[in-house]
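Scroll down for the structure; my scribbles are underneath it.
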Amino acid sequence: MTIEQLRDRCAYWQQVLRLQDWDITVEIVRSRAIEDAVGKIHPLFSKKIARIKLQDRYDACQPDAIYQSDQEVDLVHELLHCHFIACEPEDWDDLKGETTHQAIHAISTALVKLDRGRFGPEVATEKSEPSVTEMLVAIRGNGTA
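So in this note's numbering, spot 91 of the sequence shown is number 108, and the numbers just go up one at a time.
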């Protein structure tokens, strides 16, 4: 997606997720700028502003990429963090952090698939995107810190 397409999709998803009252900016950055993640959000709840940085597609296509991602799913994932701010964990690496991220990832994936009209029994059971736990195991090697 181009930055213009991402901004359009951000405006669309802000309406769907009832975040129109938030001032949200989106930018595409190299993965090293977001600590080798596919996306990051920096929200300020008191002012309802947020800055989302999404991984450049170039990085996702590299042979050493941790996993392939869908920029729209990543965008929705980051937007959902605006709703979960009050219950987000202090440590994303503990059980609460991992399960919170798994839930946000599952919800964002489902919403985008529903929006694209591609969510049926065959899609719900396919394993196209790794779980957060699978990603952490891939990063850490054997799953231990």
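Ideal Cβ positions, reconstructed from N, Cα and C, are used throughout, including at glycine.
These figures come from a predicted structure and were not determined experimentally.
The beta strand (DSSP E) with residue i in it runs from where to where?
{"i": "V43", "result": "D40 to V46"}
{"i": "L36", "result": "Premise fails: L36 is in no beta strand (DSSP E) and is neither H nor E."}
{"i": "R49", "result": "Note, R49: premise wrong, no beta strand (DSSP E); not H, not E."}
{"i": "K57", "result": "G56 to L61"}
Whose CA, out of the options, lies closest to the CA of residue i?
{"i": "I124", "options": "L97, Q32 and E44", "result": "L97"}
{"i": "D132", "options": "Y29, K64 and A120", "result": "Y29"}
{"i": "I20", "options": "Q37, V33, V46 and D40", "result": "V46"}
{"i": "E105", "options": "P60, Q31, G56 and M18", "result": "P60"}
{"i": "Q88", "options": "A67, V43 and E107", "result": "V43"}
{"i": "C27", "options": "A54, S63, L71 and F62", "result": "L71"}
{"i": "L36", "options": "D91, H122, I121 and H100", "result": "H100"}
{"i": "D73", "options": "G56, A67 and I41", "result": "G56"}
Taking all protein chains shown into account, decide if residue i is buried (16 or more other Cβ within 10 angstroms of its Cβ) or exposed.
{"i": "K65", "result": "exposed"}
{"i": "A103", "result": "exposed"}
{"i": "D76", "result": "buried"}
{"i": "S86", "result": "buried"}
{"i": "L128", "result": "buried"}
{"i": "D111", "result": "exposed"}
{"i": "E107", "result": "exposed"}
Quick one: give me the first and last residue of the alpha helix (DSSP H) that residue i is part of.
{"i": "R24", "result": "I20 to V33"}
{"i": "D91", "result": "Q88 to F101"}
(message) Contact between the region 43 to 61 and the region 109 to 124 is defined here as three or more beta-carbon pairs at a separation below 8 Å; is this criterion met?
(response) no
(request) Jot down the residue ranges of each uninterrupted alpha helix (DSSP H) in the region 109 to 136, minimum 4 residues, whole runs only, in chain order. (result) 112 to 132
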